[in-house]
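Contents: one structure, followed by commentary.
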Amino acid sequence: NAGVTQTPKFQVLKTGQSMTLQCAQDMNHNSMYWYRQDPGMGLRLIYYSASEGTTDKGEVPNGYNVSRLNKREFSLRLESAAPSQTSVYFCASTKLDSSSGNTIYFGEGSWLTVV
Amino acid sequence: RKEVEQDPGPFNVPEGATVAFNCTYSNSASQSFFWYRQDCRKEPKLLMSVYSSGNEDGRFTAQLNRASQYISLLIRDSKLSDSATYLCVVRTTGNQFYFGTGTSLTVIP
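So the sequence lines, in the order shown, correspond to chains A and B. For the first sequence, the numbering used here begins at 2 and goes up steadily by one. For the second sequence, the numbering used here begins at 17 and goes up steadily by one.
Right under this line is the structure:
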């Protein structure tokens, strides 16, 4: 039962370096999300993709870009990493149909440190 | 104002105790409500959905008060394994999920 898979799990970057976090889900979900979680701040939405071919900014999009490669995959790119982007990143997905009870499923998280 | 607010705690309770967590949300048009559990250095996982009529799952009871925009979670007969952070989650009409900052629970032997 893979669910939501994200890589890498841990990464250390130098300031100014770029990297891409990969995410894939095998639940045939149409919507996918990238969150960051910082102490005392809770989960904050970076970008989301309501369906294949669409992406939208969330609460904290600055310094990030995303690509919804296909229905399964949604990647997050840091073009020029900054220490303020040190965080735990979670990819998530949900089906979001007409039912009101759809829940959101998370990957195991990616721990990113920018030095 | 935050979309979802909850008391961060921490709550330190003895085994067997009953503990209640509360959460308020700001968007009156919110559609779905959930409690998630997050263990240290792990991803959040669904604990239970919250329905208008209230619902129970074993030792866990969730309540929703739409008029007051208030959600609660009651844990009875606390176990050591209940120690975790509990996140209040709200889904809005825009299909966005909003998360509280979490309430930390430690169950003490």
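For glycine and all other residues, C-beta sits at the position ideal for the given N, C-alpha and C.
Item, Value
"Around the Cβ of Asp55/B, are there at least 16 other Cβ atoms within 10 angstroms (buried) or fewer (exposed)?", "exposed"
"Would you mind telling me which residues of chain B sit closer than 9 Å to Phe11/A, beta carbon to beta carbon, in chain order?", "Ordered by position in chain B, no residue passes the 9 Å Cβ test against Phe11/A, which lies about 11 Å from the chain."
"Beta-carbon within less than 6 Å of Ser65/B's beta-carbon, same chain only, minus the 5 sequence neighbours each way: which residues are those?", "Phe50"
"Rounded to a whole number of angstroms, what is the C-alpha to C-alpha distance between Thr16/A and Gln26/A?", "30 Å"
"Quick one, are the C-beta atoms of Thr108/B and Ser46/B less than 8 Å apart?", "yes"
"Buried or exposed: which applies to Ala3/A, given that a residue is buried once 16 or more other Cβ atoms fall within 10 Å of its Cβ?", "exposed"
"Could you check the C-alpha separation between Thr95/A and Asn103/A for me, to the nearest Å?", "7 Å"
"Among the candidates Pro84/A, Gly108/A and Ala51/A, whose CA atom is the shortest distance from the CA of Phe91/A?", "Gly108/A"
"Looking at the secondary structure, which residues open and close the beta strand (DSSP E) in which Asn81/B lies?", "Phe76 to Asn81"
"Would you call the CB atoms of Pro30/B and Ile124/B closer than 8 Å?", "yes"
"Return the CA-CA distance between Leu106/A and Pro84/A, expressed in angstroms with no decimal places.", "Just to set this straight, residue 106/A is Tyr in the shown sequence, not Leu. Going by the C-alpha atoms only, they are around 28 Å apart."
"Between Phe107/A and chain B, is there a C-beta pair that is closer than 8 Å?", "yes"
"Quick check: is the beta carbon of Gly54/A nearer than 8 Å to any beta carbon in chain B?", "no"
"Between the stretch 18-27 of chain B and the stretch 111-125 of chain B, do at least 3 Cβ pairs fall closer than 8 Å?", "yes"
"Can you tell me which of the three DSSP states Leu96/B falls into?", "helix"
"On the DSSP bridge assignment, give the partners of Leu63/B in chain order.", "Paired residue(s): none; Leu63/B is not in a bridge."
"So, with DSSP's three-state summary, where would you put Gln86/A?", "helix"
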